[in-house]
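Chemist: Each residue of the sequence shown is one higher than the one before, starting from 38 at the first, in this note's numbering.
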Amino acid sequence: MKKNLLLVFVLSASLNLKAQKKTSQDSIAILYKEIFSALKKKYLHKGTVNWSAVEAETNKKLTSYSDFNQSLNELPLLFKQIGATHCNVYYQKQKYAAKGKIVSKDAYSEQWKKKYDSKPAFEVKVIGEKYGYILMPAMVFFDLSAENIHKIAQPMYDQIAAIKNNNKIEGWIVDLRFNTGGNSMPMLLALYDFLGDNKIWGVMDVNKKPQSVDELRSGNYLFENKKMSYIKPSGALLDQSKVAVLTGVFTASSGEVTAIAFKGRPNTKFIGEATYGATTANIYWPLPFDATMALTTSYYSDRNGVYHENIVPDVLISKQDHFDDLLTDGNIKEAIKFFENEG
38 MKKNLLLVFV
48 LSASLNLKAQ
58 KKTSQDSIAI
68 LYKEIFSALK
78 KKYLHKGTVN
88 WSAVEAETNK
98 KLTSYSDFNQ
108 SLNELPLLFK
118 QIGATHCNVY
128 YQKQKYAAKG
138 KIVSKDAYSE
148 QWKKKYDSKP
158 AFEVKVIGEK
168 YGYILMPAMV
178 FFDLSAENIH
188 KIAQPMYDQI
198 AAIKNNNKIE
208 GWIVDLRFNT
218 GGNSMPMLLA
228 LYDFLGDNKI
238 WGVMDVNKKP
248 QSVDELRSGN
258 YLFENKKMSY
268 IKPSGALLDQ
278 SKVAVLTGVF
288 TASSGEVTAI
298 AFKGRPNTKF
308 IGEATYGATT
318 ANIYWPLPFD
328 ATMALTTSYY
338 SDRNGVYHEN
348 IVPDVLISKQ
358 DHFDDLLTDG
368 NIKEAIKFFE
378 NEG
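Here you go:
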């Protein structure tokens with residue numbers, strides 16, 4: 038059954054192991070044994086790793102730990118060693134991951150930082166009396182059931198539909214500047230009206246050969262024609278309406294998938310900054326002791342099977358954010374020019 042993380046799919050069986058009366062060394066060995074097993078089976082670049090050497094080196098380091106939690110500090114080092122900069126492990130609300138690309142403070146504005154620090158949530162509203170504005174943030178959660186994804190997506194979709202059905206909107210802005218990742222299935226379901234009944238993205242193997250495609254059909258999210266979740270649509274589609282997709286340097290992972298879903302869509306313009314560049318797909322892999330690994334297994338592609346290392350906007354605009362007054366935001370001003378002046 039397919040499950041979605043930074044928009045991809047669980048292929049492993051659940052290991053509902055609890056930390057019983059074992060020593061910390063026992064627990065450490067159990068956890069890392071399963072992590073190595075998963076990596077050797079499914080990691081995208083598993084063929085480039087000398088697993089016997091890496092596993093032996095890691096196990097030697099682990100013998101120095103008497104505390105289970107402290108042993109998890111070896112995970113970032115392990116992921117860095119094998120080039121798994123998009124892999125991570127979640128345990129007791131902590132995330133253990135290799136350090137990714139460092140983004141300089143000079144790369145983002147004070148307005149962006151101020152808004153980011155406020156932990157922005159989903160919002161949709163009319164600005165300038167005739168433009169629809171949708172802020173689609175990061176979404177990390179661990180209940181990947183179809184019903185839970187529906188419960189997250191449907192209210193977002195309904196808010197968009199209410200604006201659509203009760204206003205004369207001349208153009209729509211999808212703001213992904215704060216979408217640093219998570220689970221993109223509810224994001225894409227919420228944006229169904231704009232994407233329509235189409236293929237929206239796919240995954241590719243290590244040789245960038247297409248493997249599978251995700252689709253939206255009549256409000257249903259489909260993987261290889263299997264229904265994964267759904268929303269109940271309301272009113273006409275907006276798949277021919279003008280849409281400006283705003284991206285930034287921290288638009289990453291499932292945020293980039295959401296942007297990729299608009300690649301190949303008519304009447305669409307990408308505005309802002311080139312995205313972070315985490316366009317590999319992860320699956321959720323259950324681990325012992327209620328830990329979970331985000332395991333990189335494939336590359337993302339757009340609906341036409343094209344790989345994008347990151348998303349480079351059609352119009353590059355940097356550090357002109359203004360979230361206190363959106364109509365003075367440089368990205369949104371450029372979107373309004375697109376709505377008003379182009380065919």
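Glycine residues also receive a C-beta, built at the ideal position from the N, C-alpha and C atoms.
Indicate whether the contact test is met: 3 or more Cβ pairs, each with one atom in the stretch 315-326 and one in the stretch 264-280, closer than 8 Å.
Modeler: no
Chemist: What does the alpha-carbon distance come out to for the pair Leu172 and Lys306?
Modeler: 16 Å
Chemist: Could you name the residues of the same chain whose beta carbon sits closer than 6 Å to that of Gln196, not counting the 5 residues immediately before and after it, in chain order?
Modeler: Val161
Chemist: Should Lys58 go down as buried or exposed, given a rule of 16 or more other Cβ atoms within 10 Å for buried?
Modeler: Only weak support exists for where Lys58 lies, its pLDDT of 44 falling under 50; the value from the coordinates is given anyway. Exposed, because fewer than 16 other Cβ atoms sit within 10 Å of the Cβ of Lys58.
Chemist: Quick check on Phe260: does DSSP put it in helix, strand or coil?
Modeler: strand
Chemist: Can you say whether Asp154 is buried or exposed, counting buried as having 16 or more other CB atoms within 10 angstroms of its CB?
Modeler: exposed
Chemist: Quick check: the stretch 187-196 against the stretch 223-231, are there 3 or more CB pairs under 8 Å?
Modeler: yes
Chemist: Could you give the residue range of the beta strand (DSSP E) that holds Glu160?
Modeler: 160-164
Chemist: If you run the structure through DSSP and keep just helix, strand and coil, what is Ser221?
Modeler: Here Ser221 sits in coil by DSSP.
Chemist: What does Phe179 pair with, by DSSP beta-bridge criteria?
Modeler: BP columns for Phe179 are empty, so no partner.
Chemist: When we look at the beta-carbon of Ile139 and count the other beta-carbons within 10 Å, is it buried (16 or more) or exposed?
Modeler: exposed
Chemist: Among residues of its own chain, excluding the 5 on either side of Gln357, which ones have a beta-carbon nearer than 6 Å to its beta-carbon?
Modeler: Gly367
Chemist: What does the alpha-carbon distance come out to for the pair Ser103 and Ser61?
Modeler: 6 Å
Chemist: Hey, would you say the C-beta of Lys152 is under 7 Å away from at least one heavy atom of the ligand GTP?
Modeler: Of the ligands one can find in the structure shown there are none, so the ligand GTP has no counterpart to examine.
Chemist: According to the neighbour-count rule (16 or more other Cβ atoms, all chains shown, within 10 Å of its Cβ), is Met176 buried or exposed?
Modeler: buried
Chemist: Following the continuous beta strand (DSSP E) through Ile237, name the residue where it begins and the one where it ends.
Modeler: 236-241
Chemist: Would you identify the three-state DSSP class for Val86, choosing helix, strand or coil?
Modeler: Here Val86 sits in coil by DSSP.
Chemist: Could you tell me whether the stretch 260-267 touches the stretch 289-296, where touching means 3 or more Cβ pairs closer than 8 Å?
Modeler: Judged by Cβ distances under 8 Å, the stretch 260-267 makes no contact with the stretch 289-296, as fewer than three pairs qualify.
Chemist: Would the stretch 124-136 count as touching the stretch 326-338 if we require 3 or more Cβ pairs under 8 Å?
Modeler: yes
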